[in-house]
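Notes for the one structure printed next.
Residue numbers (our numbering): 772 to 930.
Following this line, the structure appears as structure tokens:
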């Protein structure tokens, strides 16, 4: 995949976030995300019922994201950075577990501190992320098998 706007990142922490996301999407490995987290780092998503906290919360949050799709890739379209915040706009494409394509857009807000990220907030169109193209069913109905149903709920992809 051709590099996107992430090539413009100047913050080393935002760069580490993007690299960690690539590891989650390509290999299912959430450890890079966990390494960014302090004990109080909160990980939230537009569809999630509650935030996850700390390194273990990062592992759970990003493992859930990785398992929610058969495959998924994010392409960053715009990045905006200050000393204390990075805003990453993106498009994610891939496939649901039933083979149907998925495409949705969103933004990730990283509140930065000296050691890593203080808060990570993901805002995206939950309907686009959940819809199955052919049947109109939700992710909870058709996208997620037994092993990934909890993942979908944790990541905000299922009710």
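Think of the CB as a built atom: it goes at the ideal place given N, C-alpha and C, for glycine as much as any other residue.
All values reported here derive from a predicted model rather than from experimental measurement.
Just tell me which of 784, 844, 798, 815 has its CA closest to the CA of residue 806. It is 784 whose Cα lies nearest to the Cα of residue 806.
Spatial neighbours of residue 859 within its chain, please: C-beta separation below 6 Å, excluding the five flanking residues on both sides. Within the same chain, Cβ atoms closer than 6 Å to the Cβ of residue 859 are found at 847, 850, 879, the five residues on either side in sequence being excluded.
Can at least three beta-carbon pairs, one atom from the region 868-875 and one from the region 818-835, be found at a separation below 8 Å? With the cut-off at 8 Å, the region 868-875 and the region 818-835 do not touch.
Check whether the Cβ atoms of residue 780 and residue 786 lie closer than 7 Å to each other. Contact: yes.
Between which two residues does the beta strand (DSSP E) holding residue 859 run? Start and end: 856-866.
Under a Cβ-count criterion, where at least 16 other Cβ atoms within 10 Å of its own Cβ denotes burial, should residue 855 be classed as buried or exposed? With fewer than 16 other Cβ atoms within 10 Å, it is exposed.
Give me the DSSP bridge partner(s) of residue 883. Bridge partners of residue 883: 888.
Pick from 893, 834, 883: whose alpha carbon is nearest that of residue 811? Among 893, 834, 883, the Cα nearest to that of residue 811 belongs to 883.
C-beta contact flag for residue 834 and residue 866 at 7 Å: The Cβ atoms of residue 834 and residue 866 do not sit closer than 7 Å to each other.
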